[in-house]
Structure formats: C-alpha cells, structure tokens
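Engineer: Got a structure for you, questions after.
In full-length UniProt numbering, the protein residues as written are 1 to 69.
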C-alpha cells in the first residue's frame with residue numbers, strides 16, 4: 001500500500017513538472033526524495049539492506065559488519 005501511494009505521488013509530481021514547468025527545483029527535489037524512498041522499499045523487500053529478510057538475503061555479500069555478529 002505504501003509503495004502504491006509513493007508511486008502515485010511520484011507520478012503526480014512528474015506530471016506536474018511537465019505540465020506546469022514552474023518551481024522545477026522544488027519539484028525535482030520532491031521527485032528525488034520519493035524515488036529514493038521507493039528504491040529503499042524495493043531493496044528492503046528483496047532483502048538487500050542490512051537487517052532485512054527477503055529472497056536475495058543469502059546472496060548478499062558479507063561485510064566486516066556481518067562478521068562481528
């Protein structure tokens with residue numbers, strides 16, 4: 001549900017940027033923030049972020065942080 005809401009918000013911001021063509025700096029910042037949040041949710045779902053569980057968790061490269069645990 002959160003992914004859908006963020007995707008719709010990003011789509012609205014992108015359309016607003018194309019149609020309005022004003023305040024592009026702020027709109028680009030908002031679009032970057034929304035895209036970053038979507039990327040983080042996607043990586044967490046895949047298990048590629050530290051501490052997350054997902055289908056790719058076992059293939060994540062081990063780091064020095066993982067060795068201390």
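Positions of the beta carbon are idealized from the N, C-alpha and C atoms, including for glycine.
Could you check the C-alpha separation between residue 39 and residue 12 for me, to the nearest Å?
Structural biologist: Using only the alpha carbons, I get a separation of about 18 Å.
Engineer: Which stretch, first to last residue, makes up the alpha helix (DSSP H) that contains residue 10?
Structural biologist: Run containing residue 10: 2 to 20, per the alpha helix (DSSP H) assignment.
Engineer: Taking just the CA atoms, how far does residue 37 sit from residue 64?
Structural biologist: About 26 Å.
Engineer: Check residue 23 in the structure and name its three-state DSSP category.
Structural biologist: Here residue 23 sits in coil by DSSP.
Engineer: I need the DSSP call for residue 48, collapsed to helix, strand or coil.
Structural biologist: In the structure shown, residue 48 sits in coil (DSSP, three-state: anything other than H, G, I, E or B).
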